[in-house]
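*Asks:* Take a look at the following structure, please.
Numbering (this note's numbering), first residue to last: 1099 to 1725.
Written out as structure tokens, the structure reads:
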């Protein structure tokens, strides 16, 4: 099913029992975030939330609209794998050879043409039922959210940003958060590697102002398409038309020469001056950390247009799982056919949520020749946004991608530290905080495919171990230094068990200090992974998230003859890390209490969510099973 606008999608969610209306008056400052965060971490992603009464605004707010497998399927009109199958049919199409094939090709060609957006001259398009210009522009009347306590201010979190190339006029549609500075200006968070930034650089070099239009509250196909990592120059509105099975109707802006979706709830029109930047951030980001302050372009709003009764659409991001995890899963499935056109030997791949989409990729391949995995690793690191992947794991058993526990066991039972691990340097996502410098650092690849003829066999991994208990290991370490606080061993039956331990770095001692203190007695027991003292070692998702996000693979992994130590702690100057280390995202206790008092519902899922401890994340095993 396709939707003409956001309102139709909301109506469908309500009909399907996927939406909860909140009639209590809530604040866009932190309170909506607290409710949404708890809902998004409810089993299965909870429900979409429709806030009918928002303090300081006449407009309602919807959040978590995409935050479950079922709602993603409802949004896209089908399961993402089915949508990927439709795309594969197009990508695999061969030119017709016979007259019969040519005749059968005509209906397909006509159908594909219907994906193209249509620009219409409509006297009063829905998105321009109300037009505000000049002194009438006031962003503060829109219920824009202040999401987390340490955020730099209010942020538009689900904007569909439209730009045009200066020279070729090609459209780019992306999603970039926008910090609201005042009634008429916002930041424009164009990462250096984003296509919007590419257009910005064209105007910057030419010394010209750049027109921009921002749609908020579009139909779900458009919203998703804005998040998709399409190749530069490919119009995201074509992808939206493909998902909808009908074209997106566009109209020209009232103050800018840019087309926008006719059925959008809000449209912000304006310009970016290429000579003007302003500090943007911090912002509680999808990594689960605050992204740091930096200089970004400034967007000046010349007009706000909206429907007569618009709905403001927002998303909350933070430590996974949250709504963006399900959007990312859709991208994972939809782009598999595209990746296979470049590397057909890839059978499937998986982006675990704890890796926040760009910190780990697990790919299953059909291995055909020696060092085939190395070719795939190089190919992925050279392909689009896969180039930001910080860790790549290659397997040859596709079933491992649906079972996180089996995958980890396979790695621990197979890996040869000296022949299967490659550490390289390359570009990183701007949100990576663990590298010594921004945008560039160490990456790791692990090949745990079966060895074939032409490849050297792996070394014998058998290690003679004294069967110490966890308590004995911890007491041994504490006799060496009292800064070893807690210990937990997992996968004890594997060739390389994991020994998770917390260390006290508040005493000024570095991770290097503790690494040096771990002796052979402990190293012989398995792979040692270091964490900060506040980490709950029994929370598998938490420990995996910290390991995948806190490691620079050159600085924080020590590989010896048959032993390995991994440092997943917070880094500082004592560790040789001079960049600021961002804080974990946490809601303040007063907001939690305020929301609990305000939302008093005798029944319904909100009451359940608000009166039970927040569910941070599912185990890696359970998550992988869902995916």
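Positions of the beta carbon are idealized from the N, C-alpha and C atoms, including for glycine.
Taking residue 1368 as the reference, give the member of 1380, 1399, 1350 and 1339 with the closest Cα.
*Replies:* Measuring from the Cα of residue 1368, the nearest candidate turns out to be 1399.
*Asks:* Got a sec? Which residues, its chain only, sit under 8 Å from residue 1218 by beta carbon, not counting five neighbours each side?
*Replies:* Answer for residue 1218: 1347, 1348, 1349 and 1360, listed in chain order.
*Asks:* Round the Cβ separation of residue 1650 and residue 1540 to the nearest angstrom and send it over; I've been treating them as touching at under 8 Å.
*Replies:* Residue 1650 to residue 1540, Cβ: 5 Å. Contact.
*Asks:* For residue 1686, count neighbouring C-beta atoms within 10 Å of its own C-beta (all shown protein chains included) and say buried if the count is 16 or more, exposed if not.
*Replies:* Residue 1686 comes out exposed.
*Asks:* On the CB-based measure, 16 or more other CB atoms within 10 Å of its CB, does residue 1638 come out buried or exposed?
*Replies:* Looking at its Cβ environment, which holds 16 or more other Cβ atoms inside 10 Å, residue 1638 is buried.
*Asks:* Name the one or two DSSP bridge partners that residue 1389 has.
*Replies:* Per DSSP, 1381.
*Asks:* For residue 1359, write down the residues that DSSP places opposite it in a beta bridge.
*Replies:* BP columns for residue 1359 point to 1348.
*Asks:* What are the boundary residues of the alpha helix (DSSP H) that includes residue 1231?
*Replies:* It is not in any alpha helix (DSSP H) - residue 1231 instead sits in the beta strand (DSSP E) that spans 1228-1231.
*Asks:* Taking the straight line between their C-alpha atoms, what separation do you get for residue 1464 and residue 1511?
*Replies:* Going from the Cα of residue 1464 to the Cα of residue 1511 covers about 21 Å.
*Asks:* Roughly how many angstroms lie between the CA atoms of residue 1556 and residue 1458, to the nearest whole one?
*Replies:* The straight-line gap from Cα to Cα measures roughly 24 Å.
*Asks:* I need the DSSP call for residue 1462, collapsed to helix, strand or coil.
*Replies:* Reduced to three states, the DSSP call for residue 1462 is strand.
*Asks:* What is the DSSP secondary structure of residue 1101, counted as helix, strand or coil?
*Replies:* It is coil, neither helix nor strand.
*Asks:* Give the single residue among 1329, 1244 and 1263 whose Cα lies nearest to the Cα of residue 1306.
*Replies:* Comparing Cα positions, the closest option is 1263.
*Asks:* Taking contact to mean at least 3 C-beta pairs separated by less than 8 Å, is the region 1335-1345 in contact with the region 1367-1384?
*Replies:* Contact between the region 1335-1345 and the region 1367-1384 is absent, because fewer than three Cβ pairs lie under 8 Å.
*Asks:* In angstroms, rounded to a whole number, what distance separates the CA positions of residue 1431 and residue 1487?
*Replies:* Near 17 Å, if we compare the C-alpha coordinates of residue 1487 and residue 1431.
*Asks:* Which term fits residue 1609, buried or exposed, when burial requires 16 or more other beta carbons within 10 angstroms of its beta carbon?
*Replies:* Under this definition residue 1609 is a buried residue.
*Asks:* What does a CB cutoff of less than 8 Å around residue 1517 pick up in its chain, not counting 5 residues either side in sequence?
*Replies:* Only 1554, 1556 and 1557 meet the Cβ criterion.
*Asks:* Taking contact to mean at least 3 C-beta pairs separated by less than 8 Å, is the region 1623-1640 in contact with the region 1585-1604?
*Replies:* The region 1623-1640 vs the region 1585-1604: in contact.
*Asks:* Counting only beta-carbon separations shorter than 8 Å, does residue 1679 have a partner in chain B?
*Replies:* Of the protein chains in the structure, only one exists, and it is not chain B.
*Asks:* Provide the residue span of the alpha helix (DSSP H) that contains residue 1759, from first to last.
*Replies:* Nothing about residue 1759 can be read from this structure; the chain reaches only from 1099 to 1725.
*Asks:* Within 10 Å of its beta-carbon, does residue 1695 have 16 or more other beta-carbons around it, so buried, or fewer, so exposed?
*Replies:* Classification of residue 1695: exposed, given that the 10 Å Cβ count is below 16.
*Asks:* In whole angstroms, give me the CA-to-CA distance for residue 1387 and residue 1642.
*Replies:* Approximately 15 Å, taken between the alpha carbons.
*Asks:* Span of the alpha helix (DSSP H) holding residue 1481?
*Replies:* Where residue 1481 is concerned, there is no enclosing alpha helix (DSSP H), given that its DSSP letter is neither H nor E.
*Asks:* When we look at the beta-carbon of residue 1099 and count the other beta-carbons within 10 Å, is it buried (16 or more) or exposed?
*Replies:* By the neighbour-count rule (16 or more Cβ atoms within 10 Å), residue 1099 is not buried but exposed.
*Asks:* Count the other C-beta atoms from every protein chain shown that fall within 10 angstroms of the C-beta of residue 1293, then say buried if there are 16 or more, exposed otherwise.
*Replies:* With 16 or more Cβ atoms within 10 Å of its Cβ, residue 1293 is classed as buried.
*Asks:* Under three-state DSSP, which class holds residue 1660?
*Replies:* DSSP places residue 1660 in coil when its eight states are reduced to three.
*Asks:* Quick check: residue 1225 and residue 1312, are their CB atoms within less than 8 Å of each other?
*Replies:* No.
*Asks:* Would you give the residue range spanned by the alpha helix (DSSP H) that residue 1578 belongs to?
*Replies:* 1568-1578 is the extent of the alpha helix (DSSP H) around residue 1578.
*Asks:* Measuring alpha carbon to alpha carbon, tell me which of 1684, 1414 and 1178 ends up nearest residue 1243.
*Replies:* Considering only alpha carbons, the answer is 1414.
*Asks:* For residue 1261, which beta-bridge partners are listed by DSSP?
*Replies:* According to DSSP, which records beta bridges pairwise, residue 1261 is partnered with 1270.
*Asks:* With which residues is residue 1412 paired in a DSSP beta bridge?
*Replies:* Paired residues: none, contrary to the question.
*Asks:* With DSSP as the reference, label residue 1277 as helix, strand or coil.
*Replies:* Strand at residue 1277.
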